[in-house]
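Chemist:
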Amino acid sequence: MIPGTAVWFARHESRLAWRDWLSMITAGRRERLRRVVIAILVFAIFMHFVAYWMVGRYADAPIDKPVLVSITASVLLSWFLMISQAMESMTRAFYARSDLDLILASPVAAQRLFAVRIATVGVSVAAMAIPLAAPFIDILVVRGGLRWMGAYGLIVAMGAAAAALAVGFTVALFRIIGPRRTRLVAQVVAAVIGAAFVIGLQVAAILSYGTISRVSVLQSSAVLTHAPDLDSIVWWPARAAMGDWPALIGVLAVSFALLVAAIALVSPRFGEYAIAASGAGASRVSQTGRQSAFKKTSPRRALRRKEWMLLRRDPWLVSQTFMQMLYLIPPAVLLWRSFDDGNGAYNLLVPVLVMAAGQLAGGLAWLAISGEDAPDLVATAPVPASFILRAKVEAVLGVIAVVFAPMVAVLAMLSPWHALVASGGIIIATTAATAIQLWFRSQAKRSQFRRRQVSSRVATFTEAFSSIGWAATAAVASVSLVLAIAPALIAFLVVAGAWIMSPRQAGA
Amino acid sequence: MKHVMPPIPFALEIHGLVKRFDRPAVDGLDLTVRTGEFYALLGPNGAGKTTTLRMIAGLLRPDAGTISVAGIDALADPVAAKQIMAWISDEPMIYDKLTPREYLEFVAGLWGIAPALAEERAQELLSWLDLKPHAHERCEGFSKGMRQKVALAGALVHDPRVIILDEPLTGLDAGSARQVKSVLRERVNAGGTIIMTTHILEVAERMADRIGVIAHGKLIAEGTLEELRLQAGRANGAANDGASLEDTFLALVAEQAQAA
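Residue numbers (the numbering used here), protein chains in the order written: chain E, 8 to 515; chain U, 1070 to 1329.
1. Just the Cα atoms here: how many angstroms apart are E/F50 and E/M8?
2. Could you give the DSSP three-state label for E/R246: helix, strand or coil?
3. Would you say E/V403 and E/E279 are within 9 Å of each other, going by their C-beta atoms?
4. Across the region 364-380 of chain E and the region 430-444 of chain E, are there enough close Cβ pairs to call them in contact, namely three or more that are closer than 8 Å?
5. If the cut-off is 7 Å on Cβ atoms, which residues from the region 180-199 of chain E count as contacting chain B, listed in chain order?
6. Show which residues of chain E have a CB atom less than 7 Å away from the CB atom of U/F1175.
7. Distance cutoff 9 Å, beta carbons only. Does U/P1184 sit that close to anything in chain E?
8. Output yes if chain U places a C-beta closer than 9 Å to the C-beta of E/P510; else output no.
9. Contact check, E/L84 vs E/A245 under 8 Å by CB: the rounded distance?
10. Name the residues in the region 1277-1297 of chain U whose C-beta lies less than 9 Å from a C-beta of chain E; which are they?
11. I'd like to know whether the C-beta atoms of U/S1137 and U/E1236 end up nearer to each other than 9 Å.
12. Run through the DSSP bridge pairs and tell me what U/L1100 is partnered with.
13. For U/W1156, list the residues DSSP reports as bridge partners.
14. Note down the Cα distance separating U/G1240 from U/G1214, rounded to an integer number of angstroms.
15. Within 10 angstroms of its Cβ, does E/E516 collect 16 or more other Cβ (buried), or is it exposed?
16. Since E/M156 is in the alpha helix (DSSP H), which residue starts that stretch and which ends it?
17. Take E/S131 and list the residues in its own chain whose beta-carbon comes closer than 7 Å to its own, dropping the five residues that flank it on each side.
18. Comparing C-alpha positions only, which one of E/W477, E/M414, E/S454, E/R448 sits nearest to E/V465?
19. Output, in chain order, the set of chain U residues within a Cβ distance shorter than 7 Å of E/K72.
20. At what residues does the alpha helix (DSSP H) containing E/Y102 begin and finish?
21. For U/K1151, is the classification buried or exposed, using 16 other Cβ atoms within 10 angstroms of its Cβ as the cut-off for buried?
22. Do U/A1222 and U/A1191 have their C-beta atoms closer together than 9 Å?
23. For the alpha helix (DSSP H) that contains U/G1223, what are its first and last residues?
24. Return the bridge partner residues of U/S1137 from the DSSP annotation.
25. Who are the neighbours of E/M316 on chain U, taking C-beta pairs under 8 Å?
26. Would you verify that the beta carbon of E/D108 is, or is not, closer than 9 Å to some beta carbon of chain U?
27. Can you pull the chain E neighbours of U/K1151, defined as C-beta to C-beta under 7 Å?
28. If contacts are defined as beta-carbon pairs under 8 Å, then E/G378 and E/F456 qualify, I think. What distance do you get, rounded to the angstrom?
29. Thinking C-alpha only, which one of E/G365, E/A392, E/A363 is nearest E/I376?
30. Starting from U/T1266, trace the alpha helix (DSSP H) both ways and give me its first and last residue.
31. Using the beta-carbon of each residue, which ones in chain E are nearer than 8 Å to U/M1162?
32. Using 9 Å as the threshold, is the C-beta distance between U/I1263 and U/V1272 below it?
33. Taking only beta-carbon positions, decide if E/A515 is within less than 9 Å of chain U.
34. Taking the beta strand (DSSP E) that U/I1289 belongs to, which residues open and close that run?
35. Taking just the CA atoms, how far does E/Q444 sit from U/K1088?
36. When burial is assigned at 16 or more other CB atoms within 10 Å of the CB, is E/V258 buried or exposed?
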């Protein structure tokens, strides 16, 4: 293979990507690989059962408007998520220094590498989506025939188009707001874009039909009436997924044309953007704070204040941590809409609040407990370790209280009982998520927030299942306290399981 | 700054210190540092210097042995020992989103220093270390040297009696290194004790009152530069007069390697 060619670069990139992926799934420990592969296989089999239950009955669906609307909505949602992921990857490609200095300082035509790197984003986005979609497509193929194989082709096309849009958007941001702000804006947009579609549909459903279900909008007579005719180009992606080969070829052609155009336009100037990005951080001077006297404080208060200040001053972390809060917008709209007529929407609100609290607490607890940027300083302070942990937990609880108190207060005016159940659920879910982060704490930089899930999958899954469990408990408790004992017991067992599996407990 | 030191002869006493990871990192180390002394701990890579300092600072728990800091049993009462100690590593760990002033206020809060006193010390330290013009800038744009100076200011703001430094001059430019050295020397002149590891032997030669050489987790030589020369000369079987610390250090380490 001739060094410096596009193929040579592609081999280099694929080797790096493969090793990065292996490191990610094994959390850096190759001896875990066999266990991880078995776990993935078990999960894949489980997902095929889930897929059978969810989409099995639609395998023989005819090509009509309701089906096309549903598939198009699912494709759009997936594509939004793929764009979000592509934007993340593209931002990393511009800003992460890693090997850029080496490449830009070498005599090879860097343009080739950058072309490969942009294409790699498309490939990686599609490669991430295929395993997630595969169980659903497989079930549709088995039950509905080979025509559904078109869905795989559609995912490849969506990956290419997502990469093209992401690179176009990132470069546009570079030009409009400059390299310094692009990173933050791109990351925030990437975080929001995936959620925006679902939230938009839910808000529309609530405002139109008084329900949080997005299916209500998609299958409403208004949407079906105004939807384009069956032969419209709008349905090409949905038709492609259902095995309409001309539509699939069309979608693939448009997507790859977009990607090739993006590569041709951006790769010659990629180096300039990367150099501009590298200078963005260096010249940054943020003047903060006025000359005010030092305040009387205790170590615990100093720690709490520090945690809040660091969070407040990091817009990227705020966007990542509070992303779950976006999902509170639909229930907030539902709450606002239910203010007068007092319908039974509260039963739906309570678990959403509890779930969001648990998820937010998990993220915040990781930041406060594991994401300590000056661990040596805090560890050498003349205060007991338990004292430091307590202060950090208080910082987490403080944020949760500030975020959720207003919604619970409004709910209390409408239904004191539901407010009481929501409060209890929020407290328990928050405590459980914080405790799990405490048991699985490990030293990390705050900038590694996005990768916290791969550091301990047990912590990630138990935290998620704990939040779901407590949300389910709260939902049932809204109706009957006695019936809530069963889900509460399951949620408790999840938390207890996390405690038993935690490294400290295992090492004890 | 005024320093009132009770008459404790030894700032640090270590006996039989042991720490094992895959192999012994520190292996029955005995070490004594006098109050008001600048003590440099030298050794080849992997000798156990950083592990020793981290155990003294309370960042690692030893497998065996005792550590006494200014008469306080650091293993039995770590909080009391930490109250009079400061730790600085080669990689300054500060908060990017805080300004130097806010960082110092946070450290003063952790050590429970009265606000007025802490503020006075913070102003003084920011001036000494030429950080005053940057006192209200977030640390995220700072160079390595500036970050190390912020960390040093944080270590000094609570007026510690014992300062432990692990390679504090690594990566600093000449100007920053000189500032750090002068601040450290001032602390020793004021009665403070400094225990420092460094690979820059010239710094140890010029600044340290006594030097300890550690290899394979054991102290293999200790004393003033003159005393070390004598020990190295005995080991070589030749006079070692006028030898630099580098020659002396390499001779001692080579002798220990041969003995091992």
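The beta-carbon is built from N, C-alpha and C at its ideal position, and this holds for glycine as well.
Modeler: Considering the structure as presented:
1. 39 Å
2. helix
3. no
4. yes
5. Among the protein chains of the structure shown, namely E and U, there is no chain B.
6. A309, K313
7. yes
8. no
9. Not quite, the Cβ-Cβ distance comes to about 13 Å (not below 8 Å), so this is no contact.
10. none
11. no
12. U/I1083
13. U/I1233
14. 7 Å
15. Outside the modelled stretch of chain E, which goes from 8 to 515, sits residue 516 of chain E, for which no answer is possible.
16. Note, E/M156: premise wrong, no alpha helix (DSSP H); not H, not E.
17. A24, S96
18. E/R448
19. None at all; the shortest Cβ gap to chain U is about 52 Å.
20. 72-102
21. buried
22. yes
23. 1213-1225
24. U/E1082, U/D1142
25. K1166, L1167, E1171
26. no
27. T387, A388, P389
28. 6 Å
29. E/A392
30. Not the alpha helix (DSSP H): U/T1266 falls in the beta strand (DSSP E), residues 1262-1266.
31. D380, A381, P382, D383, L384
32. no
33. In this predicted model, E/A515 has a pLDDT of only 45, less than 50, meaning its place in the structure is not dependable enough to derive any value.
34. 1287-1292
35. 29 Å
36. buried
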